[in-house]
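Participant: In UniProt numbering, the protein residues as written are 1 to 728.
Beta carbons: idealized from backbone N, C-alpha and C, even for Gly.
All of these numbers come straight from a predicted model, not from anything done at the bench.
Mind looking over this structure? Questions follow.
And the structure:
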């Protein structure tokens, strides 16, 4: 469990306060670590890539002189990672459940800043010495212009059964090989929905695919290994010939092997933002190709402003293959926080994860293991820098953790936060619609209210990171869109007046809402390809929110939302600081600072005067107490004025309570529990240390010594690694 967060938003108080102040698998989509091979999904385990800052060979191996293959890798190399070849930027491990030839795979790959220029391409070789054709698409870049993330596709010439094989990735000269696609692939997909009122809707998108191939429009992946097109197919009423006003089939159609093998991610959407009369729809669905039934979905209710998807294959079965990343390099890219890869996760934890998933609803509109009443109190596995299942996957690359991570990402698509602008075919934008309001406030233009109930009550303050890591792992467009839908909703949800209309500020949110909302915007800004229509939008929204954070929480600032000691003040709880929520905020600022987001370091160091320095020995000498540093709600004022020294701060919150030499079991910070305030603080301090924040390394070392049971106890990080972030 992750945290217990109690607090009800009070808009009236706010007003007064504010105005006062794999498949990893190439062709797949799921899978994991040590559980068994999974088709359309992979697992992973990490080799010794050069540490950050180490020099890399400036060029690829000379033509005709490939590097000698490394010895066959062990199935799992633990925290050290995969044994990548010398000179490789990184590598991935592929394992097949059966012997296969010319096996195509597609996956996501983050890159460390400076490791790969956008003027370069990639070459690849497997650990058997075979040249592996590889292509790179959907590139996003670091601020210095080097590649941050790319979707990679490769073809393995041969792959024996149940034998892990490495694919080493090298920088190479960029090339533009010829791409040959059939003008009319043998796809012939048909999507049929039968509504509960007897209406039959059909999409026959073959002609659209032909047109996209001919024009090159709607193309996402393009190369000798894979070409993928986004085919948006209206569902046509067979009685009237009219397109259904709300139900749309969005078909991410990936052609491998010259179009003879086709992977289609069938995404069904009921989420136009501004169309009249959005409503829940009950229907059954059948997908066929060339007369073969690929999917048969019994009747269910598709709620408004929600989506679901299912991957189908034609021209061959889904590959039975698992792909694992070199996880030390993955984390060294700063794509996410530095989770403890040396942590030993008992198999019983992964078994329990699989049991929980198997007993949950993972069908269309199923909510898997997510908490749908998001504003409600109580702990939940998705509230953390990354959800519990995602942290489990990063550390273990186990099939069971992967299955849980992807199933919960899919389940998040059932929430009513998906508002697609029909005029742009993208998530809603407050730049285009400065007055739009998706949750609070009067909206201009008016957003039609949905007809029909949903299991969900979404909010920002209790929101998980659902689809970011799934996208980085798989490279699938479905997860990229999911990430952007949630970020776009977070921006447009608040009252236009308080978010300052097209600025998209998260200022009206609780402290934790600011943290998780900024995280979601940063995820979209980091991952969206540079060529994507929404890339600049999320960059701007992130910049706007960081400028506001600097002006409100930056050096030398104080006011209704920020104390002179650096405490973040809740707008809704009478000048108290929510200590654990502020740790969330500092954790997010740390990740942004590591990625050189402007203003993040300045905000982190300013907030760190409270969040970090309360754990220092010098602060205890000044009258505070380290063992009580990880708290819940803390008073920041006395007699109507802000407290401005540690001794008074301690007395205001703990009176004359004795100061202990460690955080003892039974302490309100729960120092033996991976979901307690002590664990939240551990993760924050490690993240801040990685960002180079003032005093963070010293504070982390001290607090770690105070909380040994988080590493050794039965309820510690080995049972729930959500906050198991460690210094790099």
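With H, G and I counted as helix, E and B as strand and the rest as coil, what does DSSP make of residue 704?
Facilitator: The sequence position of residue 704 within the chain shown is 704, counting from 1. Helix.
Participant: Quick check on residue 481: buried or exposed, where buried means 16 or more other Cβ atoms within 10 Å of its Cβ?
Facilitator: Indexing the chain shown from 1 puts residue 481 at position 481. By the 10 Å Cβ count, residue 481 comes out buried.
Participant: Count the other CB atoms within 10 Å of the CB of residue 227; is the residue buried (16 or more) or exposed (fewer)?
Facilitator: For this step, residue 227 is matched to residue 227 along the chain shown. Under this definition residue 227 is a buried residue.
Participant: What would DSSP say about residue 432, mapped onto helix, strand or coil?
Facilitator: Residue mapping note: residue 432 aligns to position 432 of the chain shown, counting from 1. If DSSP states are grouped into helix, strand and coil, residue 432 belongs with coil.
Participant: In angstroms, rounded to a whole number, what distance separates the CA positions of residue 585 and residue 708?
Facilitator: Here residue 585 is taken as the residue at index 585 of the chain shown, counted from 1. Here residue 708 is taken as the residue at index 708 of the chain shown, counted from 1. When rounded, the distance between both Cα atoms is 24 Å.
Participant: For residue 730, does the three-state DSSP call read helix, strand or coil?
Facilitator: Nothing can be reported for residue 730, as the shown portion of the chain is limited to 1 through 728.
Participant: Can you give me the start and stop residues for the beta strand (DSSP E) that residue 422 sits inside?
Facilitator: Translated into positions along the chain shown, residue 422 becomes position 422. From DSSP, residue 422 is part of no beta strand (DSSP E); its letter is neither H nor E.
Participant: So, does the region 532-543 touch the region 569-581, judging by three or more C-beta pairs under 8 Å?
Facilitator: In short, these stretches do not touch, since the Cβ pair count stays below three.
Participant: Apart from the five residues just before and just after residue 370, which ones in its own chain have a Cβ nearer than 7 Å to its Cβ?
Facilitator: Position 370 of the chain shown, counted from the start, is the residue given in the question as residue 370. Closer than 7 Å at the Cβ level, and outside the excluded window around residue 370, lie 382, 408, 411 and 412.
Participant: Can you name, in chain order, every residue of its own chain whose Cβ lies under 7 Å from the Cβ of residue 525, other than the five neighbours on each side?
Facilitator: Mapped onto the chain shown, residue 525 falls at position 525. Counting only Cβ-Cβ distances below 7 Å, and skipping sequence neighbours, we find 538, 539 and 542.
Participant: Can you have a look at residue 59 and say buried or exposed, based on whether 16 or more other CB atoms are within 10 angstroms of its CB?
Facilitator: Here residue 59 corresponds to residue number 59 of the chain shown, with the count starting at 1. Caution applies to residue 59, whose pLDDT of 34 falls short of 50 and renders its modelled position unreliable; the value that the coordinates give is listed next. Burial call: exposed.
Participant: Using 10 angstroms around the beta-carbon of residue 716, count the other beta-carbons present and answer buried if the total reaches 16, otherwise exposed.
Facilitator: Position 716 of the chain shown holds residue 716. Classification for residue 716: buried.
Participant: Inspect the CB distances between the region 87-101 and the region 133-145 and report whether three or more fall short of 8 Å.
Facilitator: In short, these stretches do not touch, since the Cβ pair count stays below three.
Participant: Excluding sequence positions up to five away, which residues of its chain have a Cβ less than 6 Å from the Cβ of residue 535?
Facilitator: Here residue 535 is taken as the residue at index 535 of the chain shown, counted from 1. Only 528 meet the Cβ criterion.
Participant: Could you compute how far the alpha carbon of residue 692 sits from the alpha carbon of residue 427?
Facilitator: Translated into the one-based positions of the chain shown, residue 692 becomes position 692. Translated into the one-based positions of the chain shown, residue 427 becomes position 427. Near 35 Å, if we compare the C-alpha coordinates of residue 427 and residue 692.
Participant: According to the Cβ coordinates, are residue 192 and residue 286 closer than 8 Å?
Facilitator: Locating residue 192 in the chain shown gives position 192, where the first residue counts as 1. Locating residue 286 in the chain shown gives position 286, where the first residue counts as 1. Taking 8 Å as the Cβ cut-off, residue 192 and residue 286 qualify as a contacting pair.
Participant: Over the uninterrupted alpha helix (DSSP H) stretch that includes residue 606, give me the two end residues.
Facilitator: For the purposes of this step, residue 606 is identified with residue 606 of the chain shown, where counting begins at 1. Here the alpha helix (DSSP H) through residue 606 covers 600-611.
Participant: Would you mind reading off the limits of the beta strand (DSSP E) that contains residue 107?
Facilitator: Taking the first residue of the chain shown as position 1, residue 107 is located at position 107. Where residue 107 is concerned, the enclosing beta strand (DSSP E) stretches over 100-110.
Participant: Keeping to the same chain, check which residues put their C-beta closer than 8 Å to that of residue 66; ignore five residues upstream and five downstream.
Facilitator: Residue numbering aside, residue 66 sits at position 66 when the chain shown is read from its first letter. Reliability of the predicted coordinates at residue 66 is poor, the pLDDT of 32 falling under 50, and the value obtained from them is presented with this limitation in mind. Taken in chain order, the residues that qualify are 125, 129 and 131.
Participant: Less than 8 Å between the beta carbons of residue 205 and residue 189, yes or no?
Facilitator: Position 205 of the chain shown holds residue 205. Position 189 of the chain shown holds residue 189. Cβ distance < 8 Å, so residue 205 and residue 189 count as in contact.
Participant: If you pair each beta-carbon of the region 96-108 with each one of the region 220-234, do three or more pairs fall below 8 Å?
Facilitator: Enough Cβ pairs lie closer than 8 Å, so yes.
Participant: How is the beta strand (DSSP E) around residue 374 delimited, first residue to last?
Facilitator: Against the chain shown, residue 374 aligns to sequence position 374. Unbroken run through residue 374: none, as it is neither H nor E.
Participant: Could you check what DSSP says for residue 499 in three-state terms: helix, strand or coil?
Facilitator: Residue mapping note: residue 499 aligns to position 499 of the chain shown, counting from 1. Coil at residue 499, not helix or strand.
Participant: Taking only the alpha-carbon atoms, compute the straight-line gap between residue 406 and residue 414 and give it to the nearest angstrom.
Facilitator: Working through the chain shown from its first residue, we reach residue 406 at position 406. Working through the chain shown from its first residue, we reach residue 414 at position 414. Spanning the two alpha carbons is a distance of roughly 14 Å.
Participant: Hey, residue 249 and residue 266: beta-carbon distance below 8 Å or not?
Facilitator: Start at 1 with the first residue of the chain shown, and residue 249 comes out as number 249. Start at 1 with the first residue of the chain shown, and residue 266 comes out as number 266. Result yes, Cβ atoms of residue 249 and residue 266 sit closer than 8 Å.
Participant: Can you name the start and end residues of the alpha helix (DSSP H) that residue 512 belongs to?
Facilitator: The sequence position of residue 512 within the chain shown is 512, counting from 1. Taken as a continuous stretch (DSSP letters only), the alpha helix (DSSP H) holding residue 512 covers 511-527.
Participant: Just to confirm before moving on: does the CB-CB distance between residue 199 and residue 237 stay below 8 Å?
Facilitator: For the purposes of this step, residue 199 is taken as residue 199 along the chain shown, with counting starting at 1. For the purposes of this step, residue 237 is taken as residue 237 along the chain shown, with counting starting at 1. Their beta carbons are under 8 Å apart, which means residue 199 touches residue 237 by this criterion.
Participant: So for residue 728, helix, strand or coil by DSSP?
Facilitator: Locating residue 728 in the chain shown gives position 728, counting from the first residue. Three-state DSSP puts residue 728 in coil, outside helix and strand.
Participant: Please state the DSSP three-state secondary structure of residue 624.
Facilitator: Along the chain shown, one-based indexing puts residue 624 at 624. Three-state result, residue 624: coil.
Participant: Taking only beta-carbon positions, decide if residue 83 is within less than 8 Å of chain B.
Facilitator: Among the protein chains of the structure shown there is no chain B, as only one such chain exists.
Participant: Do you know whose CA, among 556, 502, 562 and 558, lies nearest residue 730's CA?
Facilitator: With the chain represented from 1 up to 728, any question about residue 730 goes unanswered, as that position is not in the structure.
Participant: For residue 269, count neighbouring Cβ atoms within 10 angstroms of its own Cβ and tell me buried if that reaches 16, exposed if not.
Facilitator: Taking the first residue of the chain shown as position 1, residue 269 is located at position 269. Classification for residue 269: buried.
Participant: Kindly indicate the opening and closing residues of the beta strand (DSSP E) around residue 633.
Facilitator: Position 633 of the chain shown, counted from the start, is the residue given in the question as residue 633. Start and end: 633-635.
Participant: In whole angstroms, what is the alpha-carbon distance linking residue 486 and residue 520?
Facilitator: Indexing the chain shown from 1 puts residue 486 at position 486. Indexing the chain shown from 1 puts residue 520 at position 520. So the alpha carbons of these two residues sit roughly 7 Å apart.
Participant: Looking at the unbroken alpha helix (DSSP H) that takes in residue 245, where does it start and where does it end?
Facilitator: The residue given as residue 245 occupies position 245 in the chain shown. Unbroken run through residue 245 is the beta strand (DSSP E), 243-256; no alpha helix (DSSP H).
Participant: Looking only at its own chain, which residues have a Cβ that is under 8 Å from the Cβ of residue 477, when we skip the five neighbours before and after it?
Facilitator: Counting from 1 along the chain shown, the entry for residue 477 is found at position 477. Result list for residue 477: 220, 228, 230, 252 and 265, in chain order.
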